[in-house]
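Q: In this note's numbering, the protein residues as written are -15 to 196.
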Amino acid sequence: MSKLSKREVLLLFMLGFVLIIGVGVPLWIVPLQEEINTLSLEKSTLDQEKMRIESLINQEDALSERKLESIKETDDLLSKISVRVKPSEFDQFLNDTLSTAGFTIQSISYGEIAPTVPQVISADESTVEYSLKTLFDQYKNVKSEGGTSETIADELLKQTITITMNGSEANLPQLIDTVNEMGNTYFISSIAYTKGDATSTITLNLDIYFID
-15 MSKLSKREVL
-5 LLFMLGFVLI
5 IGVGVPLWIV
15 PLQEEINTLS
25 LEKSTLDQEK
35 MRIESLINQE
45 DALSERKLES
55 IKETDDLLSK
65 ISVRVKPSEF
75 DQFLNDTLST
85 AGFTIQSISY
95 GEIAPTVPQV
105 ISADESTVEY
115 SLKTLFDQYK
125 NVKSEGGTSE
135 TIADELLKQT
145 ITITMNGSEA
155 NLPQLIDTVN
165 EMGNTYFISS
175 IAYTKGDATS
185 TITLNLDIYF
195 ID
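(1) In this structure, does DSSP put Ala85 in helix, strand or coil?
(2) What three-state label does DSSP hand Asn168 in the structure shown?
(3) Out of Asn164, Ser93, Asp181 and Gln43, state which residue places its alpha-carbon closest to the alpha-carbon of Ala85.
(4) Measuring only the C-alpha atoms, how far is Ser83 from Glu153?
(5) Let me know the secondary structure DSSP gives Asp41 once reduced to three states.
(6) Taking only three categories from DSSP, how would you classify Ser152?
(7) Taking the C-alpha atoms as reference points, what is the distance between Thr162 and Ile97?
(8) For Phe(-3), count neighbouring C-beta atoms within 10 Å of its own C-beta (all shown protein chains included) and say buried if the count is 16 or more, exposed if not.
(9) Going by CA-CA distance only, name the one from Asp45, Thr187 and Thr169 that's closest to Ser93.
(10) Report the rounded CA-to-CA distance for Ser28 versus Ser66, giving the unit in angstroms.
(11) Write down the C-beta distance between Phe87 and Met166 rounded to the nearest angstrom, noting that I regard them as a contact closer than 8 Å.
(12) If we call anything under 8 Å between Cβ atoms a contact, is Thr100 one with Leu156?
(13) Which stretch, first to last residue, makes up the beta strand (DSSP E) that contains Thr185?
(14) Spatial neighbours of Met35 within its chain, please: CB distance less than 6 Å, with the 5 preceding and 5 following residues excluded, ordered by chain position.
(15) Taking its Cβ as the centre, do 16 or more other Cβ atoms sit within 10 Å of Ser173, making it buried, or is it exposed?
(16) Look at the alpha carbon of Tyr177 and the alpha carbon of Thr146, and state the distance between them as a whole number of angstroms.
(17) Rounded to whole angstroms, what's the CA-CA distance from Arg68 to Ile195? Just pull it up for me.
(18) Can you tell me whether Ser(-11) is helix, strand or coil according to DSSP?
(19) Give the single residue among Gly180, Leu190 and Ala182 whose Cα lies nearest to the Cα of Tyr170.
(20) Which term fits Gly151, buried or exposed, when burial requires 16 or more other beta carbons within 10 angstroms of its beta carbon?
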């Protein structure tokens, strides 16, 4: 057997190299490319998930801020609601207050305390006196867009106090102004008077709304 020439050896080497390349491309390079494509897809998916999480975090921050604002607004509104009256203290308070309006109290009757959703005269809701229904709705079920509602266990309560007094009907406007200044959630539900020789007998029903 004759020896291979240098030219034949070179050709055989080149043929072997081509065969290695031909076999290596499908066995090594193609799977590597597929792995690269898979990793790129996973990276893209993770980037999208990262963006979604960051968006949720930003929304959560915004919702938390709005929730704190709602709580502060509710606290501000609740601070304007009257407290439960104590008969002994309130009797003295009424005597002192109404005497300055020229009236003498004959009797005070305290009605039962009961939960209520007051219905008030429709008017400008920027005034506390006529926004009690709205205030109650906000207090019982605070809502915000994109958030959740919060229900508070406390109830808005109502007590009617009937006051019978002697005085002049000419002082009724001053009496009404005096009562209106007693509290943000004090409302005169009815008032009647019987004219006498010297003075009139006046009966006033006062509705007080409060949170226990």
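Beta carbons are placed, not taken as given, at the ideal position from N, Cα and C, and that holds for glycine.
A: In short:
(1) Looking up residue 85 in the sequence shown gives position 101. Reduced to three states, the DSSP call for Ala85 is coil.
(2) The residue given as residue 168 occupies position 184 in the sequence shown. Looking at Asn168 - three-state DSSP - the assignment turns out to be coil, as it is neither helix nor strand.
(3) Translated into the one-based positions of the sequence shown, residue 85 becomes position 101. The option with the nearest alpha carbon to Ala85 is Asn164.
(4) On the sequence shown, position 99 is the one that residue 83 refers to. On the sequence shown, position 169 is the one that residue 153 refers to. In a straight line, the C-alpha of Ser83 is about 14 Å away from that of Glu153.
(5) By one-based count along the sequence shown, residue 41 stands at place 57. Per the sequence shown, the amino acid found at residue 41 is Ile instead of Asp. Reduced to three states, the DSSP call for Ile41 is helix.
(6) For the purposes of this step, residue 152 is taken as the residue at position 168 of the sequence shown. Correct three-state label for Ser152: coil.
(7) Locating residue 162 in the sequence shown gives position 178, counting from the first residue. Locating residue 97 in the sequence shown gives position 113, counting from the first residue. Cα to Cα, Thr162 sits roughly 23 Å from Ile97.
(8) The residue given as residue -3 occupies position 13 in the sequence shown. Phe(-3) should be labelled exposed.
(9) Numbered from its first residue, the sequence shown carries residue 93 at position 109. Of the listed residues, the one whose Cα sits closest to Ser93 is Thr187.
(10) Within the sequence shown, residue 28 is the residue found at index 44, counting from 1. Within the sequence shown, residue 66 is the residue found at index 82, counting from 1. Linking Ser28 to Ser66 through their CA atoms gives a straight-line distance of about 59 Å.
(11) Mapped onto the sequence shown, residue 87 falls at position 103. Mapped onto the sequence shown, residue 166 falls at position 182. Between Met166 and Phe87 the Cβ distance is about 14 Å, and since that is not below 8 Å, they are no contact.
(12) Counted from its first residue, the sequence shown places residue 100 at position 116. Counted from its first residue, the sequence shown places residue 156 at position 172. Not in contact: Thr100 and Leu156 (Cβ atoms no closer than 8 Å).
(13) Here residue 185 corresponds to residue number 201 of the sequence shown, with the count starting at 1. Unbroken beta strand (DSSP E) run through Thr185: Ser184 to Ile195.
(14) Start at 1 with the first residue of the sequence shown, and residue 35 comes out as number 51. Nothing listed; no residue qualifies.
(15) Taking the sequence shown and counting its residues from 1, the one referred to as residue 173 is at position 189. Taking every protein chain shown into account, the CB of Ser173 has fewer than 16 other CB atoms within 10 angstroms, so this residue is exposed.
(16) As a working note, residue 177 is residue 193 in the sequence shown. As a working note, residue 146 is residue 162 in the sequence shown. Going from the Cα of Tyr177 to the Cα of Thr146 covers about 13 Å.
(17) Looking up residue 68 in the sequence shown gives position 84. Looking up residue 195 in the sequence shown gives position 211. About 7 Å.
(18) Numbered from its first residue, the sequence shown carries residue -11 at position 5. The answer is coil: DSSP assigns Ser(-11) none of H, G, I, E or B.
(19) Taking the sequence shown and counting its residues from 1, the one referred to as residue 170 is at position 186. Among Gly180, Leu190 and Ala182, the Cα nearest to that of Tyr170 belongs to Leu190.
(20) Within the sequence shown, residue 151 is the residue found at index 167, counting from 1. So Gly151 counts as buried.
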